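Chemist: Note that the numbering used here has the sequence shown beginning at 2, numbered continuously upward.
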Amino acid sequence: MPLTLLVTMLVCFAFSISIAVAIGGSAVLGIAIFDSRQLILVPKEMFSAIDKFPLAAIPFFILAGNLMETGGISRRLVNFAKSLVGGVQGGLPMTCVLTCMIFAAVSGSSVATTFAIGSIL
């Protein structure tokens, strides 16, 4: 079975298939070849793996970061931090740290901070 998984993944990588699809596809193929009775459990396990309430919050934090970036809040925050520490040597890294610190304190999410500030800096 390990040889089948390895060969399947290498074939998928040769055709430039993404890593997640290659791993998932080789696992499903291995189950189908060696124990097809267990194949019915694959969709159930896939659904139960993503059926978690905290995972639902991640897209909304990403949306909040995109809205703040589109609305110009992040740009003004970067300009404010740049006015505080931008003139000293190493000002850009300090601006990035200060902006992320303020933004994370406001939003409470590192995901939203990354999406809002990452597109600017």
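The beta-carbon is built from N, C-alpha and C at its ideal position, and this holds for glycine as well.
As the structure is a computational prediction, the values presented were derived from the model and not from experiment.
(1) Should MET47 be labelled buried (16 or more other beta-carbon atoms within 10 Å of its own) or exposed?
(2) For the pair the segment 41-60 and the segment 88-102, tell me if three or more CB-CB distances fall below 8 Å.
(3) Taking C-alpha atoms, which residue in ILE118, ALA117, VAL112 and GLY119 lies nearest to ALA57?
(4) Can you tell me where the alpha helix (DSSP H) holding PHE16 begins and where it ends?
(5) Give the DSSP-derived three-state secondary structure of GLY26 in the structure shown.
(6) Please state if the CB of ILE41 and the CB of MET2 are separated by a distance shorter than 9 Å.
(7) Mind checking ILE20: buried by the 16 CB within 10 Å criterion, or exposed?
(8) Determine the DSSP secondary structure at ILE90, reduced to helix, strand or coil.
(9) Helix, strand or coil for ILE34, going by three-state DSSP, please let me know.
Modeler: Working from what's here:
(1) exposed
(2) no
(3) VAL112
(4) Looking at the DSSP string, PHE16 is not in any alpha helix (DSSP H), and its letter there is neither H nor E.
(5) helix
(6) no
(7) exposed
(8) According to the sequence as given, residue 90 is Gln; it is not Ile. GLN90 falls in the coil class under three-state DSSP.
(9) helix
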